[in-house]
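Residue numbers (the working numbering): 557 to 1128.
Read the structure below first, then the notes.
Rendered as structure tokens:
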């Protein structure tokens, strides 16, 4: 039967652990991040739409600017062509008037002819630019082709023959070409230009319509985004009202109840977010308060019991006070004998302190002498090292001399009879160099042996100095200890005198204990009164006697740190 109960309890626990995720279990920090992410997505979407609409409007503006440029280009082409033709007609009239007056070509006629030629050059340049800049639509290309097809006949059949006739003063041909070809070609050319300009106006009107549609679409999209944001705000208000605000209000109710002293209501929370952590901390706080109140109540009972025991103890204290008075008289006699012994020890300690100080001074002088010996041995070791270096140099010189003598002997052998004397000298030099090298080696060996002995002596002197320093330290320690012993002996002597005086005073104190017993009885009564007040103070709290140690509130399942610290760790 007990096994089945345990199995069912485990099944219930597993079912609670495997319960489905609920909105109330969502962490507040995660929900806030989700809300911020949603608003960020909305802001990015609005910004993206705005950027797209601005880019589209920019394309429309650029297209309208290109169309305006084309229209201006075509318009100037037609106007300059018309100016050139009018200038030719004016120049012809000036020349006819000058010829009728018998004055030849006038200055005005030449000026107008030059103006006409300049206009024609400008027309040719504008025409070339117009041909390079192709139209963007099929209708535009068709109308541009119409202008191009009417331009060349207008120039070849009308304008250029009129210029040639005017330059040769052939007025008959000039007017014939103008009437037969110039007027018709000019009309066709002008019609093409006007048609192209009208086409540009229509294209610009279409661009304007598209821009207006794009503007209205942007207004609708932004308005929709604002509505979505408003709906999200309302939704978040509802969600946070249920997740946070309502539970915080409930937590405030629990705090008010605890402030009023009611610790009987159980704090139970099923959520696993930060609010659940708060409720878990509130539950543990209520359990702690419950245990504290229970402990205080138990303490009050123990205080009452203790005050009664104090009363009984006062009775025993009265009888023991009489026994203490007799014991104090015996203690006074013993302390007098102890004072005499301590005074004798004080004198001996003072004499030993004087001897220890003398020994310390002698040890210090010995340590100083040993230090000087160590320094002298180190200087001798340094000098021996330098002598070894000098002998090494001499050995090197002897080796070089031997090499030179050997080379001299070789050269003398090559010289034959003439170099025998030189060979004898070289041999003697070589013999001396070898003897010098041998002597240098022996000296070097002796110096090295001496240096090793000096180093050993220096080490021994250093060890002796270290030992002397230890001796000095030990003597100083003994001196210090003896000084402390002497001081302690003096203090003991003074202390025993004080103890004698204290024992005398204790006799009077014992006599006062009787009155203190009465005061202790009064204090016990006051303690009982304070215990009653403390009991009244904690009586405001209402607790369940069966739930003092372990409150059966359900724990909140929260991963990570427990208590309010979990809130801080979740946001850090």
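Glycine is no exception: its CB is placed at the ideal position from the N, C-alpha and C atoms.
Asked	Found
Should residue 993 and residue 958 be called a contact, given that it needs their Cβ atoms to be closer than 8 angstroms?	yes
Could you name the residues of the same chain whose beta carbon sits closer than 6 angstroms to that of residue 1060, not counting the 5 residues immediately before and after it, in chain order?	none
How do the stretch 730 to 746 and the stretch 776 to 790 stand: do at least 3 beta-carbon pairs fall below 8 angstroms, yes or no?	no
Excluding sequence positions up to five away, which residues of its chain have a Cβ less than 6 angstroms from the Cβ of residue 1022?	none
Can you check the stretch 765 to 827 for any alpha helix (DSSP H) of at least 4 residues that lies completely inside it and give the ranges in chain order?	802 to 815
Would a C-beta distance cut-off of 8 angstroms place residue 607 and residue 647 closer than the cut-off?	no
Using the C-alpha atoms, what's the distance from residue 666 back to residue 730?	16 angstroms
Answer yes or no: do residue 592 and residue 785 have a C-beta to C-beta separation smaller than 8 angstroms?	no
Could you tell me how far apart the beta carbons of residue 749 and residue 703 are, in whole angstroms, since I believe they sit closer than 8 angstroms?	6 angstroms
Can you give me the Cβ contacts of residue 706 inside the same chain, cut-off strictly under 6 angstroms, excluding the 5 residues immediately before and after it?	744, 745 and 748
For the alpha helix (DSSP H) containing residue 681, list its first residue and its last residue.	663 to 688
Quick one: using the 10 Å Cβ neighbour count with 16 as the cut-off for buried, is residue 626 buried or exposed?	buried
In angstroms, rounded to a whole number, what distance separates the CA positions of residue 1003 and residue 939?	10 angstroms
To which residues of the same chain is residue 1009 closer than 7 angstroms at the C-beta, ignoring the five residues directly before and after it?	none
Would you mind stating whether residue 1087 and residue 853 have Cβ atoms separated by less than 8 angstroms?	no
Can you tell which of 833, 1013, 832 and 811 has its C-alpha closest to the C-alpha of residue 845?	811
For residue 1053, which three-state DSSP category applies?	helix
Would you decide whether residue 596 is buried or exposed? Buried here means 16 or more other CB atoms lie within 10 Å of its CB.	exposed
Do three or more CB pairs link the stretch 852 to 866 to the stretch 829 to 844 at distances below 8 angstroms?	no
Which class does residue 725 belong to by DSSP, given the choice of helix, strand or coil?	coil
For residue 991 and residue 1012, I'd like the C-alpha separation in whole angstroms.	31 angstroms
Drop a sphere of 10 angstroms on the beta-carbon of residue 610, count the other beta-carbons inside from all chains shown, and report buried for 16 or more, exposed for fewer.	exposed
I need the straight-line Cα distance from residue 857 to residue 823, nearest angstrom please.	29 angstroms
Buried or exposed: where does residue 532 fall if 16 or more other Cβ atoms within 10 Å of its Cβ makes it buried?	Nothing in the structure corresponds to residue 532, since the chain is present only between 557 and 1128.
Taking 7 angstroms as the limit between beta carbons, can you name the residues of its chain near residue 643, skipping five residues before and five after?	668, 671, 672 and 675
Return the residue from the list 803, 650 and 815 that minimises the CA-CA distance to residue 835.	803
With burial defined as no fewer than 16 other Cβ atoms inside 10 Å of the residue's Cβ, what is the status of residue 864: buried or exposed?	exposed
Can you tell which of 588, 792, 686 and 604 has the C-alpha that lies nearest to the C-alpha of residue 774?	604
In angstroms with no decimal places, state the Cα-to-Cα distance between residue 1052 and residue 904.	18 angstroms
Measuring straight from C-alpha to C-alpha, what distance separates residue 687 and residue 602?	43 angstroms
Under the rule that 16 or more other beta-carbon atoms within 10 Å means buried, what is residue 633, buried or exposed?	buried
Put residue 583 into one of helix, strand or coil per three-state DSSP.	coil
Closest to residue 590 by CA distance: which of 792, 783 and 932 is it?	792
Rounded to a whole number of angstroms, what is the C-alpha to C-alpha distance between residue 1118 and residue 830?	Note that residue 1118 has pLDDT 49, beneath the 50 cutoff, so the model's placement of it is unreliable and no number is given.
If you check the beta carbons only, do residue 636 and residue 679 fall under 8 angstroms apart?	yes
When you compare only the Cα positions, how much space is there between residue 594 and residue 583?	16 angstroms
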